[in-house]
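Right, one structure below, let's go through it.
Structure follows, in structure tokens:
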């Protein structure tokens with residue numbers, strides 16, 4: 001998805017336009033995540049960019065998109081550019097640790 005969203009449309013309440021915009025973003029992400037995964041892929045990964053225009057858009061995490069839209073609307077922004085590109089994600093195995101040695105007991109001091 002590469003799209004410039006308008007937050008102020010003549011004849012429509014700004015809060016409803018904002019809700020519809022966030023709904024469209026969530027709906028797109030849900031649709032992309034529900035696509036079947038190719039062989040050897042663990043999950044869908046998303047490369048996202050957000051900004052007032054295409055030229056000034058900066059990378060942003062998927063989880064921060066809605067918060068960024070809310071912040072822009074609170075500041076009085078009238079439009080924004082959002083780019084969401086789906087890609088293949090591969091989970092990485094955690095690093096393998098060596099065997100754990102038991103702790104060394106404290107020395108016996110001879111007093112009972």
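Numbering (the UniProt record's numbering), first residue to last: 1 to 112. C-beta atoms are modelled at their ideal positions from N, C-alpha and C, and glycine is treated no differently.
Cβ-Cβ distance between residue i and residue j below 9 Å
{"i": "residue 85", "j": "residue 47", "result": "yes"}
{"i": "residue 89", "j": "residue 42", "result": "yes"}
Pairwise C-alpha distance: residue j and residue i
{"i": "residue 64", "j": "residue 97", "result": "33 Å"}
{"i": "residue 76", "j": "residue 93", "result": "44 Å"}
{"i": "residue 81", "j": "residue 39", "result": "32 Å"}
{"i": "residue 33", "j": "residue 56", "result": "27 Å"}
{"i": "residue 12", "j": "residue 3", "result": "20 Å"}
{"i": "residue 49", "j": "residue 1", "result": "10 Å"}
{"i": "residue 37", "j": "residue 104", "result": "49 Å"}
{"i": "residue 29", "j": "residue 106", "result": "57 Å"}
{"i": "residue 59", "j": "residue 100", "result": "41 Å"}
{"i": "residue 20", "j": "residue 95", "result": "43 Å"}
{"i": "residue 51", "j": "residue 102", "result": "54 Å"}
Cβ-based neighbour list, residue i, same chain, cut-off 8 Å, excluding 5 preceding and 5 following
{"i": "residue 66", "result": "22, 25, 26"}
{"i": "residue 45", "result": "86, 87, 88, 89"}
{"i": "residue 9", "result": "17"}
Residue i classed as buried or exposed, judged by whether at least 16 other C-beta atoms fall within 10 angstroms
{"i": "residue 69", "result": "buried"}
Bridge partners - residue i, DSSP secondary structure assignment
{"i": "residue 70", "result": "Answer by DSSP bridge pairing: none, since residue 70 is not bridged."}
{"i": "residue 60", "result": "48"}
Same chain, Cβ closer than 6 Å to residue i, five either side skipped, listed in chain order
{"i": "residue 54", "result": "81"}
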